[in-house]
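Engineer: Take a look at this one; I'll ask things after.
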Amino acid sequence: MDGGGAAEHRRRLAAQRQAGGDRHSRALPRQRSFRVHDGIGDPGRRRHPVGNPPRYGCSSGRAALSCRGARRRHRLFYNIARRRRARRERAHQTGAGVAPESGLRALIADGAFRRLWLIGATTGIMRWLDMVVTGIYVFDVTGSPTWVAIVTFARAAPMIVGVMFGALAARMPLGRLMRVGIAAVALTYGSLAILAALDALAVWHVTAGALVIGTYWSSENSVRRTMMCAVAGMANTGTAISFDWATINGLRLAGPFIGGVLYAAFGFGATCVLGVACFAAALMLALGMSTGSVAALSGQRRIWDDIAESFAVVRRSTTVQGVLAVSICLNFFGFPYGSMIPVIGKEVLHAAPADVGLLSSTEGLGAMLGAIGLTAFVRPAWFGRAFLVGSFAVALGALGFGLSQAYALSLVALLPAGLGMSWFAAMQSTQVLAHTPAERRSGIMGVLTTTIGLGQLGTLHIGWLASQIGAAEAVVVSAACAVAALILCAWRWPAMWRDRG
């Protein structure tokens, strides 16, 4: 700028100052103002995270470098503030009561979550103990693998109408449903214990009891785990469910072994007495829990409309479709091998009742290790892949168990099967909840329970197949079908495992 131009510029600047202007006014074309804004909402409403942003005049030389440095600094601070604000907004929209803290320590510090977790722990030990002990008892009385499969199917049959439990849970307080279910199971175990003490216990009594107990387990996804999701918030749902499954599978490590020892020493009635004690403790925890903040809202629509809306949500999400398809395939072809563990243990491996319980405990050890690893190391972006890997681990582990003719090799085969079971179980609930609107979660969890129940028809299938070709051969055929079905599902619904959360 020559001398005359500089003098003219100074005169214009002095005139603007006298008129109350700003040296960054639009009258100076080279001196533009800089303002950052969040770009969210109305573009005309521009705001700065720390109030009105300062304006920087653009000039040449050293002043221009200073101007650009100031811009970069304010952009940096602005981006940090925007990310923090976005995280707070997401937590407010999806948290449903979640505290600002996140992670396992914050969940355990929450009283409502801690009670729900303890209820799952006190009842979870009977979930696996009862399955093994009931199978051993029925096989000892009848000598028929088909009857073992029938009783196991009766325990899982209520899951077929799990969608009804989901619709019911959307209309009634979840805490009340949970308390009624726990009390009913405690009374059932008490009745079976009395019949066993009177030496009047029959197989049909055990079958009826399995039906009542299975009704409670079929409602757990729609009731207790939905409550856990509401307490933890979507940001912590994966951690909450993984920790819940880690606890249950840790108890599963000891449950079948304890059941086998009790059955060998005192008979079937002793395990029923243990069931009464566990569910009575769970009922005390449930009675002392305030569920007002997580109770479901009653709707004015018919229950069939709620069920139809739940299936409509499934049709709109390819990820949920894939998860449900894998659940049906694995529950029909993969998991029924568990009902054949007592049969294979006694017929093929010639194991004592305590050793048969140890087989299921080894499966529980793998499940516990898998759940701990899932909680500690698996990131949300890997949940889809963890779900699919766990599914294949179950199928391949069952295949190895069916092919094994030695007790030690059977233990080795059941370890990865248990690991995959924990990954599959935790991630199927997490994936469904993460891709479902908050107001439809109880209904969708009911649909998930129904798919599990439909898969339980595989228990009858493997029982019939075992009566035709043998228990070990039936497990091999069923597990091979599971591997083929999983490959087909992974190809048909790639969003299920490519999804990054």
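Those letters in the sequence shown? Residues 1 to 501, by UniProt numbering.
Every residue, glycine too, gets a C-beta built ideally from N, C-alpha and C.
1. Once DSSP output is grouped into helix, strand and coil, what is the label at Ala406?
2. Could you pull out every unbroken alpha helix (DSSP H) segment of at least 4 residues lying fully inside the stretch 263 to 288, listed in chain order?
3. Leaving out five residues before and five after Val483 in sequence, what residues of the same chain have Cβ atoms less than 6 Å from its Cβ?
4. Would Leu488 be called buried (16 or more neighbouring beta carbons within 10 Å of its own) or exposed?
5. For the alpha helix (DSSP H) holding Ala149, just list the boundary residues, first then last.
6. How would you label Trp497, buried or exposed, when you count the other beta carbons within 10 angstroms and need 16 or more for buried?
7. With C-beta atoms as the reference, is Ala270 less than 8 Å away from Ala354?
8. With a cut-off of 8 Å on the beta carbons, I'd call Ala286 and Arg179 a contact; round off their distance for me.
9. What do you get for Ile248, buried or exposed, if any count of 16 or more other CB atoms within 10 angstroms of its CB means buried?
10. Which same chain residues, not among the five before or five after Leu419, have their C-beta less than 7 Å away from its C-beta?
11. Just to confirm my understanding: we take Ser467, look at its own chain, exclude 5 residues before and 5 after, and list those with CB closer than 7 Å. What are they?
12. Measure the C-alpha to C-alpha separation of Ala398 and Ala417 and round it to an integer number of angstroms.
13. Gln468 lies in the alpha helix (DSSP H); which residues open and close that run?
14. Which value, in whole angstroms, describes the spacing of the CA atoms of Val223 and Ala490?
15. Quick one: using the 10 Å Cβ neighbour count with 16 as the cut-off for buried, is Asn221 buried or exposed?
16. Would you report the Cα separation of Gly402 and Gly364, rounded to the nearest angstrom?
17. Looking at C-alpha atoms only, which residue of Leu262, Thr237, Ser404 is the closest neighbour of Leu129?
18. Per the contact definition of three or more C-beta pairs closer than 8 Å, is the stretch 104 to 114 in contact with the stretch 311 to 328?
19. Assign Phe377 to one of two classes, buried (16 or more other C-beta atoms within 10 Å of its C-beta) or exposed (fewer than that).
20. Does the beta-carbon distance from Phe268 to Tyr137 come in below 8 Å?
21. With 16 as the cutoff for other CB atoms within 10 Å, does Ala246 come out buried or exposed?
22. Report yes if the C-beta distance between Gly143 and Gly260 is below 8 Å; otherwise report no.
23. If you draw a straight line from the alpha carbon of Val389 to that of Ala480, how long is it in whole angstroms?
24. Enumerate in chain order the residues of its own chain whose CB-to-CB distance from Leu297 is below 6 Å, with the five nearest sequence positions on each side excluded.
25. In terms of residues, what are the limits of the alpha helix (DSSP H) holding Trp117?
26. CA-CA distance, Ala425 and Arg441?
27. Whose C-beta lies closer than 6 Å to the C-beta of Val185 among residues of the same chain, with five residues either side of it excluded?
28. Go ahead and pull the three-state DSSP assignment for Thr436.
29. From His9 to Ile80, what distance separates their C-alpha atoms?
30. In terms of residue numbering, what span does the alpha helix (DSSP H) encompassing Trp382 cover?
31. For residue 503 versus Thr459, is the C-beta spacing smaller than 8 Å?
Structural biologist: Straight from the coordinates:
1. coil
2. List check, alpha helix (DSSP H) in window: 268 to 287.
3. Ala395
4. Exposed: under 16 other Cβ atoms inside 10 Å.
5. 145 to 156
6. Trp497 should be labelled buried.
7. Taking 8 Å as the Cβ cut-off, Ala270 and Ala354 do not qualify as a contacting pair.
8. 5 Å
9. A buried status is given to Ile248, since no fewer than 16 other beta-carbon atoms sit within 10 Å of its beta-carbon.
10. Gly366, Ala367, Leu369, Gly370, Ala393
11. Pro145, Thr146
12. Their Cα atoms are separated by approximately 6 Å.
13. 457 to 469
14. 29 Å
15. Burial state of Asn221 is buried, judged by a 10 Å Cβ sphere holding 16 or more other Cβ atoms.
16. 18 Å
17. Leu262
18. As far as the Cβ criterion goes, the stretch 311 to 328 does not touch the stretch 104 to 114, which means the pair count is below three.
19. By the 10 Å Cβ count, Phe377 comes out exposed.
20. yes
21. With 16 or more other Cβ atoms within 10 Å, it is buried.
22. no
23. 16 Å
24. Here Leu297 scores only 44 on pLDDT, less than 50, and its place in the model should not be relied on; the value that follows carries that caveat. Cβ within range, chain order: n/a, list empty.
25. That run of the alpha helix (DSSP H) goes 111 to 142.
26. 17 Å
27. Result list for Val185: Ile213, Tyr216, Phe279, in chain order.
28. coil
29. Cα-Cα distance, rounded: 39 Å.
30. Element bounds for Trp382: n/a, residue is neither H nor E.
31. The structure shown does not extend to residue 503, since the chain is modelled only from 1 to 501, so the question has no answer here.
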